[in-house]
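Engineer: Take the sequence shown: its position 157, counting from 1, is numbered 141 in the numbering used here, and each next residue is one higher.
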Amino acid sequence: MICLAWFGVFFALPVGNAITADFRHSRDTFAFVNATVFKYRAGHPYLRPRSTSKDPANEYNRRCFVMTRAAMQFYKFARFDPRSTPLDDRALAARIRAVTRRAPWHESLPQNHRVVFPGYANLREMSKARAHVLQKNIGLGWPTYLRLGNFRMFYKHDLKYQEKTYANLDAALARGDLFVGYLSTYPSLAINHSILCLLYTSPEP
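#1: If we count the other Cβ atoms within 10 Å of its Cβ and call it buried at 16 or more, is S10 buried or exposed?
#2: What are the boundary residues of the alpha helix (DSSP H) that V190 is part of?
#3: Apart from the five residues on each side of it in sequence, which residues of its chain come closer than 6 Å, Cβ to Cβ, to L153?
#4: Considering only residues of the same chain and omitting the five flanking positions on each side of I80, which have a CB-CB separation below 8 Å?
#5: Can you confirm whether the stretch 59 to 73 touches the stretch 95 to 115 when touching is taken to mean that 3 or more C-beta pairs between the two stretches lie within less than 8 Å?
#6: For the alpha helix (DSSP H) that contains L237, what are its first and last residues?
#7: Look up P102 in the DSSP assignment and give the residues it is bridged to.
#8: Alpha carbons only, please: which of A26, R74, P88, L143 is nearest the one belonging to V50?
#9: DSSP puts G165 in a beta bridge; with which residues?
#10: Would you report the Cα separation of G103 and M56, rounded to the nearest angstrom?
#11: In this structure, what does DSSP give as the bridge partners for N45?
#12: From this set, A15, R47, L143, which residue's C-alpha is nearest L124's C-alpha?
#13: In the DSSP assignment, find the unbroken alpha helix (DSSP H) run with E147 in it and report its ends.
#14: Between I179 and T52, which are expected to be in contact by the criterion C-beta below 8 Å, what is the C-beta distance as a whole number of angstroms?
#15: If we ignore side chains and look at the alpha-carbon of each, how far apart do A158 and H141 end up?
#16: Helix, strand or coil for S92? Go by DSSP, reduced to three states.
#17: Do A26 and Y44 have their C-beta atoms within less than 8 Å of each other?
#18: Contact check, R108 vs T13 under 8 Å by CB: the rounded distance?
#19: Could you say which of F16, A15, D161, G165 lies nearest to E91 if we only look at CA atoms?
#20: Determine the DSSP secondary structure at F58, reduced to helix, strand or coil.
#21: For R86, which residues of its own chain have a beta-carbon under 7 Å away from its beta-carbon, when the five flanking residues on both sides are left out?
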């Protein structure tokens, strides 16, 4: 399985033949980063000191869920037209919201029904040139903490629950879909993060 997190990319070595969506890190992810609240030393978290330098933590942070969800939405509902003239900020913002309003678990749209972004070849290129417009319009970070599904972290989950969760992940990736996963060490706050999983690997026979 390969999972993308926007402070880095994490790889688990594949075994067997992979079934995967045509999702490319160099094309289908954002050029800007989401800074984490914590830094880590020898596996132990500590608060990131606020800096006066151009530290991403000062500008854009706690958006891991927003960015994983938006990457999935752009992959499923947007297309790019590099030969046309780029939109101004206002028109671009409207089209970004037209993508991010769609439920990410819905089926991918056919190419002729997708929201078109002129002037750029892909999401990586557009987010490098127009980072501020994207950051302002793909969503806020704080509503993530109010999601109804968050209640599940307050319960101790048995092996059956873990097996069901793994089966859902396994099924989604096996059909070439993407899957947003939530990582938490609650009640410890050492990890509170989301990742985009995109590759399923079948074991050797």
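Positions of the beta carbon are idealized from the N, C-alpha and C atoms, including for glycine.
Structural biologist: In short:
#1: exposed
#2: Because the chain here runs from -15 to 189, residue 190 falls outside it and cannot be looked at.
#3: F163
#4: V117, L118, N121, I122
#5: yes
#6: Since the first residue of the chain shown is -15 and the last is 189, residue 237 is not available in this structure.
#7: D65
#8: P88
#9: I179
#10: 21 Å
#11: A19
#12: R47
#13: 143 to 158
#14: 6 Å
#15: 24 Å
#16: coil
#17: no
#18: 6 Å
#19: D161
#20: helix
#21: Q57, F61
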